[in-house]
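Chemist: Here you go, one structure.
2 protein chains.
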Amino acid sequence: MTLPVIGLAEISRVATPSLVFTAVRHALIAHAEGRTSVPAPMVLDFPAHAGDCHVKAGYVEGSPYFVVKVASTFASVNNGLMLVVDATNGTPAAVLADEGKLTAWRTAAAGALITDAMTPVDVDEVAVLGTGEQALMQVQWLRELRPLRRVKVWGRRPSAVDGLCAALAADGLDARPDALAGAKCVIATTAAREALPSAAFRSAVHVTGIGTDMPGKGELPVEVFAGAVVATDDHEQCLDHGDFGNAVRAGVVADDVDLAIGAVLRDGMERGRRSVADLTGIGAADAAVAAAVLAQLVR
Amino acid sequence: MTLPVIGLAEISRVATPSLVFTAVRHALIAHAEGRTSVPAPMVLDFPAHAGDCHVKAGYVEGSPYFVVKVASTFASVNNGLMLVVDATNGTPAAVLADEGKLTAWRTAAAGALITDAMTPVDVDEVAVLGTGEQALMQVQWLRELRPLRRVKVWGRRPSAVDGLCAALAADGLDARPDALAGAKCVIATTAAREALPSAAFRSAVHVTGIGTDMPGKGELPVEVFAGAVVATDDHEQCLDHGDFGNAVRAGVVADDVDLAIGAVLRDGMERGRRSVADLTGIGAADAAVAAAVLAQLVR
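Which chain is which? The protein sequence lines are A and B, in order. Throughout the first sequence, residue numbering follows this note's numbering, covering -19 to 279 in sequence. Throughout the second sequence, residue numbering follows this note's numbering, covering -19 to 279 in sequence.
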């Protein structure tokens, strides 16, 4: 058996924002309509090396490929790959040695798509909480979808806040470390296990949370869910370990109030209330992006 | 990232029965002692192509590698590979493109090890039920551990029974299609969803079942468990979808009577009662064999 191993340079050449947005949007809508297969992920822990490995699989009906993703984090260093398998005969088609970038891009795309869909069109100022890779990317990818004027930043480490502001300024944005003053659109990107400062959410009309991806995490103050239009990327998963689940367990919202993010992308939503989008990450998005990348490469 | 893809020829060169037996025995004992990590497997179904894909992961504490196995069956054709990952830093180390053979070998080794450990030493006649790859391999691998004189074969298709007898005869064994006459040692290797003919088990002092690996399957008549010493490769898994679980649900045995196969391999067992070993396949055995193969190749 020969199995091509495709490196990041080649992947980056074809994985344009347009390709990733299209694939992720398609996957989220298919997922909302029950046209995906996403088994519960597997987790292996390696406490002696401060490591863990998450294995996810996904398939979007009609796709020529399904995908098994192996993503590990050891001592804060991410690693991983996606194995793309022919969905008509089970033959491994390729390994995408993407160094975790396809996951970062699909996360950025999913967040940006729903932030854009749920935030009133005239809002051009966002607050971003957190200073990691996703803090930068959520803004950059949202900017592909709508003009942004100002970005307010919050993080626990002042040096990281300054670094993110500088990176955003280099992209031509007016970026300032004053997210606690609030903004109409708030994007939370942290790995927090306790709620972020509620001041940051006080003037929010829309909140997107992308950082709560496993049990024990939780970044949104549960009050932001009160009376809000709620959208989840996967109902069961967000109930199990997303910010939505934290709010339900706190008694702030009922466990059946959420819309599917894919349904909001497809149909739009009722305006006039605050909205909250909770993203925990779905294997169908990995599958759609990896399949789209490989389909481009084998053309 | 460069990721070596190692083909079957190279794998076969180092995966001697001795290496596989040693690795599987080590994995089964470690599993019995709680020194393995084996998340619940993932399954994807592709009904339009008569296909499914099983993803298993496993780690044996102290091993330099953990393993993610992707095994698919489409229209009865098996395919798959094992991804071997460095357990100290999460870096993918190699893909073993083993065409499913490592799974076949670890299944054969696990079955042969426990059949040999539980069957009285003077028994040199076995009945094998089923005529597939594992029917032949369970006998061949058991023969690495003890002398065999005669093999009795049973299967639903006479031509397949004749073919297996011929293959065993070519190995110098006295093989006959009379397994329903019974034998002291019985090895069931079928994908049956209903119990095999009870006549085959009437004179059994030991029974090994290796074919019941997913919900809905079941090959052993539940009566063989009555009053028997029972050993399972994984308590929860065998309770969930093994023959042991079928016997428990039928009320034939209590759900806590089973010993761990690894404990029997380590300590031996009480003699004088019929014994039954139920194997559903554990990811730790995949991990141990793949790690041992890669360790040999990188020496």
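All C-beta atoms in this analysis are idealised placements derived from N, C-alpha and C, irrespective of residue type, glycine included. Being a predicted model, the structure only gives us computed values, none of them experimental.
Quick check: the Cα distance between B:V119 and B:L274, rounded to an integer number of angstroms?
Modeler: Cα to Cα, the separation comes out at about 27 angstroms.
Chemist: Less than 9 angstroms separating the beta-carbons of B:R126 and B:V101?
Modeler: yes
Chemist: Between B:L24 and chain A, is there a C-beta pair that is closer than 9 angstroms?
Modeler: yes
Chemist: Just to confirm, is the Cβ distance from A:A179 to A:L160 under 9 angstroms?
Modeler: yes
Chemist: I want to know whether the stretch -10 to 2 of chain B touches the stretch 221 to 236 of chain A - three or more CB-CB distances under 8 angstroms.
Modeler: With the cut-off at 8 angstroms, the stretch -10 to 2 of chain B and the stretch 221 to 236 of chain A do not touch.
Chemist: What did DSSP end up calling A:N226 once you bin it into helix, strand or coil?
Modeler: helix
Chemist: Would a C-beta distance cut-off of 9 angstroms place A:A268 and A:A10 closer than the cut-off?
Modeler: yes
Chemist: Assuming A:G60 and A:S52 form a contact by the criterion Cβ under 8 angstroms, report the distance between their Cβ atoms to the nearest whole angstrom.
Modeler: 6 angstroms
Chemist: Could you check where the alpha helix (DSSP H) with B:L122 kicks off and where it finishes?
Modeler: E113 to R123
Chemist: Take B:T99 and list the residues in its own chain whose beta-carbon comes closer than 6 angstroms to its own, dropping the five residues that flank it on each side.
Modeler: C165 and H186
Chemist: Using 9 angstroms as the threshold, is the C-beta distance between B:E124 and B:A84 below it?
Modeler: For B:E124 and B:A84, no; Cβs fall outside 9 angstroms.
Chemist: Starting from the Cα of B:A172, find the closest Cα among B:G162, B:S183, B:P195 and B:R156 and give me that residue.
Modeler: B:P195
Chemist: Cα-Cα, which of A:A115, A:Y45 and A:M249 is closest to A:I241?
Modeler: Ranking the options by Cα distance to A:I241, first place goes to A:M249.
Chemist: Of the residues B:R137, B:A184 and B:G162, which one's Cα is nearest the Cα of B:T170?
Modeler: Considering only alpha carbons, the answer is B:R137.
Chemist: Give me the chain B residues within the contact set of A:A20, using Cβ-Cβ distance strictly less than 8 angstroms, ordered along the chain.
Modeler: A20 and M22
Chemist: Report, in whole angstroms, the separation of the C-beta atoms of A:Y45 and A:A20, which I expect to be a contact under 8 angstroms.
Modeler: The Cβ separation is near 21 angstroms, so there is no contact.
Chemist: Would you say B:S(-8) reaches chain A, if we count a Cβ-Cβ gap shorter than 9 angstroms as a contact?
Modeler: no
Chemist: Cα separation between A:Y39 and A:V18?
Modeler: Taking the CA atoms as reference points, A:Y39 sits about 7 angstroms from A:V18.
Chemist: Is the separation between the beta-carbon of B:V(-15) and that of A:T(-18) shorter than 9 angstroms?
Modeler: It is a contact, given that the beta carbons lie within the stated cut-off.
Chemist: Starting from the Cα of B:T260, find the closest Cα among B:E174, B:A271 and B:C218 and give me that residue.
Modeler: B:C218
Chemist: Could you check if A:P27 is buried or exposed, using at least 16 other CB atoms within 10 Å of its CB as the buried criterion?
Modeler: Exposed, by the Cβ-count rule.
Chemist: According to DSSP, is B:K164 helix, strand or coil?
Modeler: Three-state DSSP puts B:K164 in coil, outside helix and strand.
Chemist: Between which two residues does the alpha helix (DSSP H) containing B:E216 stretch?
Modeler: H215 to H221 is the extent of the alpha helix (DSSP H) around B:E216.
Chemist: Return the Cβ separation of B:D220 and B:V228 in integer angstroms, given the expectation that the two are a contact with Cβ distance under 8 angstroms.
Modeler: Contact doesn't hold; Cβ gap of about 10 angstroms is too wide.
Chemist: Using CA coordinates, which residue listed in A:D258, A:P177, A:A73 and A:A168 is at the minimum distance from A:V209?
Modeler: Selected option, being the one with the closest Cα: A:D258.
Chemist: Skipping 5 residues on each side, what residues in its chain have a beta carbon closer than 6 angstroms to that of B:E79?
Modeler: L(-12)
Chemist: Note down, in chain order, every chain B residue with its Cβ under 7 angstroms from the Cβ of A:Y39.
Modeler: L24
Chemist: Relative to the C-alpha of A:V75, which candidate in A:A140, A:T188, A:D158 and A:M62 has its C-alpha closest?
Modeler: A:M62
Chemist: Would you tell me roughly how many angstroms separate the C-alpha atoms of A:G143 and A:A107, rounded to the nearest one?
Modeler: When rounded, the distance between both Cα atoms is 16 angstroms.
Chemist: Mapping DSSP to helix, strand and coil, what is B:S255?
Modeler: strand
Chemist: Quick one: using the 10 Å Cβ neighbour count with 16 as the cut-off for buried, is B:D213 buried or exposed?
Modeler: By the 10 Å Cβ count, B:D213 comes out buried.
Chemist: Quick check: is the beta carbon of B:A77 nearer than 9 angstroms to any beta carbon in chain A?
Modeler: yes
Chemist: State the Cα-Cα distance for the pair B:F283 and B:V48, rounded to the nearest angstrom.
Modeler: Here chain B has residues from -19 to 279 only, and residue 283 of chain B is not among them.
Chemist: How far does the alpha helix (DSSP H) with B:D96 in it reach, from first residue to last?
Modeler: DSSP places B:D96 in the uninterrupted alpha helix (DSSP H) bounded by K81 to M98.
Chemist: Is there at least one Cβ from chain B nearer than 9 angstroms to A:P72's Cβ?
Modeler: yes
Chemist: Taking Cβ-Cβ distances below 9 angstroms as the criterion, which residues of the stretch 3 to 17 of chain A are in contact with chain E?
Modeler: No chain E is present in this structure, whose protein chains are A and B.
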